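In what follows, a single structure is set out as structure tokens and then discussed.
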Amino acid sequence: MRKGFDGLSGLIRGEMLSDPMDGKKNKLKEEAEYLKFEIAQLKKLIFGSKSEKFKSSEVPPEQLNLFNTIEEVEEEVLVEVEEITYERKKSKTHKGRNKLPDHLPVQEIIIEPEVDTTGMVKIGEEISETLDYTPASL
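What follows is the structure, encoded as structure tokens:
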């Protein structure tokens, strides 16, 4: 009978039933607080201003690391370079149309100035070629 009174006195003091329940309560409270914090962070990420949004800390694979890869890159650059030389004719920039064929008749017309040219020096001349075309007829 003594055992029954010990259990009853423990129930009155709240020692026996409260221990397992308190652990579960605390665990559930901690989990609820963590989930609330996580939801707040996700809301901040979604609805926050751009400066507050999540920035990935992962480095893209094409971006070089500043500390360790410099030596690796220098080693890759030191590849043996073979020098090849050759000569090539540079194409002339062709302005205007092609030269007229030599077998066509040429008529020279020289236009002299209408004023007196005594004492003047010839600086240059301008040459223009025109092609007279007569349409074919039957």
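Following the UniProt record's numbering, the numbering of the sequence shown begins with 1 at its first residue and continues without gaps.
Ideal placement from N, C-alpha and C gives every residue a C-beta, glycine not left out.
Quick caveat: nothing in here was measured; it's all calculated off a predicted structure.
1. From E129 to I110, what distance separates their C-alpha atoms?
2. Give me the Cα-Cα distance between E84 and G48, rounded to the nearest whole angstrom.
3. Whole angstroms are fine: how far does the CA of Q63 sit from the CA of F37?
4. Under 9 angstroms, do L131 and L100 count as touching if we go by C-beta distance?
5. Please name the residue, chosen from L28, K29, L104, that lies closest to Y133 on a Cα-to-Cα basis.
6. With DSSP run on the structure shown, which of helix, strand or coil describes P20?
7. In angstroms, rounded to a whole number, what distance separates the CA positions of T118 and G96?
Considering the structure as presented:
1. 12 angstroms
2. Here residue 84 turns out to be Ile, not Glu, going by the sequence shown. Taking the straight line joining both Cα atoms gives about 59 angstroms.
3. 33 angstroms
4. yes
5. Per the C-alpha coordinates, the member of L28, K29, L104 positioned closest to Y133 is L104.
6. Of the three classes helix, strand and coil, the one that applies to P20 here is helix, per DSSP.
7. 35 angstroms
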